[in-house]
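Q: In this note's numbering, each residue carries its 1-based index in the sequence shown increased by 24.
Each residue gets a CB set at the ideal place from its N, CA and C atoms; glycine is no exception.
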Amino acid sequence: FSHTGASLVAGQTDTNTVWDVFLYDRTTNTNRLVSHLPGSAIAASTTTTPAASSAPPPPPPQPTVPGMLSADGRYAAYADKATDLITGQTGTGYQIYLFDRVTDSNILVSHASGSATVGISALTGGITGDVPLISADGRYVTFPSMGTGVVSGVTDANANADIFLFDRMTGNNLLVSRAASSGSVAGN
Numbered sequence: 025f026s027h028t029g030a031s032l033v034a035g036q037t038d039t040n041t042v043w044d045v046f047l048y049d050r051t052t053n054t055n056r057l058v059s060h061l062p063g064s065a066i067a068a069s070t071t072t073t074p075a076a077s078s079a080p081p082p083p084p085p086q087p088t089v090p091g092m093l094s095a096d097g098r099y100a101a102y103a104d105k106a107t108d109l110i111t112g113q114t115g116t117g118y119q120i121y122l123f124d125r126v127t128d129s130n131i132l133v134s135h136a137s138g139s140a141t142v143g144i145s146a147l148t149g150g151i152t153g154d155v156p157l158i159s160a161d162g163r164y165v166t167f168p169s170m171g172t173g174v175v176s177g178v179t180d181a182n183a184n185a186d187i188f189l190f191d192r193m194t195g196n197n198l199l200v201s202r203a204a205s206s207g208s209v210a211g212n
């Protein structure tokens with residue numbers, strides 16, 4: 025679930041005043057901070073949205089959905105506008121992350137080809153903000169994007185969102201919505 029509360033986890037450090045992602049454990053009746061800084065289970069992202077000087081402040085960054093869990097609850101896939109959940113991360117706008125409860129860490133799913141830290145919204149298009157889906161075992165995450173550069177060598181001239189499949193085991197993305205005649209041309 026997503027929430028703006030700064031005291032949902034014991035010892036939580038949260039000064040961003042924006043939405044964070046949490047995981048509720050029904051067995052222990054406790055919350056766990058999912059959208060946390062690398063190396064800290066209680067420090068929330070420090071990403072904030074600055075207000076425009078001549079306009080009302082934009083809404084705070086928040087996940088489009090609280091996320092989806094793998095069947096065993098180990099992995100959670102979610103969208104967030106935070107820019108500091110991965111060490112060395114670059115890129116702004118919505119990104120798709122995969123949280124691992126066992127390692128207590130996040131992986132940037134929506135990354136550029138050849139880099140685990142460059143978010144695709146730093147490239148043309150970016151994330152459309154739709155729901156990421158996760159396989160039962162947490163190995164695969166699908167997500168939509170209008171970004172280019174998610175998969176090397178892909179031709180995409182249709183200006184529509186495409187569907188990509190992230191493989192946690194390889195760390196690579198694959199174009200799913202491709203033309204039947206080619207593995208490297210995005211379909212309509």
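1) Using only CA atoms, which one of Gly115, Thr194, Ser129, Thr116 lies nearest to Leu57?
2) With the cut-off set at 8 Å, would you say Phe188 and Ser159 are in Cβ contact?
3) What residue range does the beta strand (DSSP E) around Asn196 cover?
4) Could you give the distance in angstroms between the alpha-carbon of Arg50 and the alpha-carbon of Met92?
5) Compare the C-alpha of Arg48 against each of Pro62, Arg98, Val155 and name the closest.
6) Please tell me whether Val142 and Gly117 are closer than 8 Å, where the distance is taken between their beta carbons.
7) Smallest Cα separation from Phe190: which of Asn182, Ala140, Thr179, Asn184?
8) Between which two residues does the beta strand (DSSP E) holding Val45 run?
9) Across which residues does DSSP place Met92 in a beta bridge pair?
10) So which of Ile120, Ser176, Val178 has the shortest CA-CA distance to Pro156?
11) Less than 6 Å between C-beta atoms, sequence neighbours within five positions excluded: which residues of the same chain meet that for Arg192?
12) Tell me where the beta strand (DSSP E) around Thr192 begins and ends.
13) Pick from Arg202, Ala185, Asn53, Ala100: whose alpha carbon is nearest that of Asp161?
14) Is the beta carbon of Gly171 closer than 8 Å to that of Ser137?
15) Using DSSP's beta-bridge definition, name the partner residues of Asn182.
16) Excluding five sequence neighbours on each side, which residues of the same chain lie with their C-beta closer than 7 Å to the C-beta of Gly195?
17) Anyone know if the C-beta pair for Asp186 and Ser201 falls short of 8 Å?
18) My output table needs one value for Ile144: the three-state DSSP class, helix, strand or coil.
A: The short version:
1) The closest CA to that of Leu57, considering only Gly115, Thr194, Ser129, Thr116, is found on Ser129.
2) No, they are not a contact pair.
3) Per DSSP, Asn196 is one residue of the beta strand (DSSP E) stretching across 196-199.
4) Within the model, the alpha-carbon separation for Arg50 versus Met92 is close to 16 Å.
5) It should be pointed out that residue 48 corresponds to Tyr in this sequence rather than to Arg. Checking every option, the nearest Cα to that of Tyr48 belongs to Arg98.
6) The criterion of a C-beta distance shorter than 8 Å is not satisfied by Val142 and Gly117.
7) It is Ala140 whose Cα lies nearest to the Cα of Phe190.
8) DSSP places Val45 in the uninterrupted beta strand (DSSP E) bounded by 44-49.
9) In the DSSP assignment, the residues bridged to Met92 are Ala101.
10) Considering only alpha carbons, the answer is Ile120.
11) The answer, listed in chain order, is Arg163.
12) The sequence given here has Arg at residue 192, not Thr. First-last for Arg192: undefined, no H or E at that position.
13) Asp161 has its Cα closest to that of Ala100, out of Arg202, Ala185, Asn53, Ala100.
14) Cβ distance not < 8 Å, so Ser137 and Gly171 don't count as in contact.
15) According to DSSP, Asn182 bridges with nothing at all.
16) Once the five neighbours on either side are set aside, the close Cβ partners of Gly195 are Ala140.
17) Contact flag set, yes.
18) Ile144: helix per DSSP, three-state reduction.
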